[in-house]
Amino acid sequence: MTPVAFIGLGAMGSRMAAALLAAGFPLTVYNRNPERARPLEAKGAARADSPREAAAQADIVISMVTDEHASRSVWLDDKRGAIHGLRAGAVAMNRARSHPRGHGRLLRKSLAAM
3 MTPVAFIGLG
13 AMGSRMAAAL
23 LAAGFPLTVY
33 NRNPERARPL
43 EAKGAARADS
53 PREAAAQADI
63 VISMVTDEHA
73 SRSVWLDDKR
83 GAIHGLRAGA
93 VAMNRARSHP
103 RGHGRLLRKS
113 LAAM
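Residue numbers for the sequence shown follow the numbering used here, beginning at 3 and rising by one.
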């Protein structure tokens, strides 16, 4: 199956990641607070130390974070951002709550960073 990275393990993200793991997808997870990853690790997920590391392990990268600021942080950080770990041809999905203009800004910055 296709390897997946999941960034952001809050109320929604942890449940979505658990469903992917239960469906048999190889899963790498990242959360600012590593304790949030422990239940998924116990079920077989790998835990990454940064969004970049998580993205480097997957063909599909999903982020489920709170807002545009958190999205910029996990995707675009110069050293740890997921955008810098994406494999060629990977699918990146940002599921943050944000105004459509915020998603557009993130997309433009992501493309510029690649």
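Beta carbons: idealized from backbone N, C-alpha and C, even for Gly.
| Asked | Found |
| --- | --- |
| Assigned secondary structure, residue 82 (DSSP; H/G/I helix, E/B strand, else coil) | coil |
| Residue 66 burial status per 10 Å Cβ neighbour count (16 or more: buried) | buried |
| Any non-hydrogen atom of the ligand SAM closer than 8 Å to residue 18 Cβ | As for the ligand SAM, it is missing from this structure, which has no ligand bound. |
| Cβ contact (3+ pairs, closer than 8 Å) linking the segment 75-87 and the segment 16-29 | no |
| Cβ neighbour criterion (16 or more within 10 Å) applied to residue 68 | exposed |
| Same chain, Cβ closer than 6 Å to residue 86, five either side skipped, listed in chain order | 54 |
| Exposure label - residue 33; buried when at least 16 CB within 10 Å | buried |
| Member of 47, 31 and 43 whose CA lies at the smallest distance from the CA of residue 9 | 31 |
| For residue 25: DSSP bridge partner residues | Answer by DSSP bridge pairing: none, since residue 25 is not bridged. |
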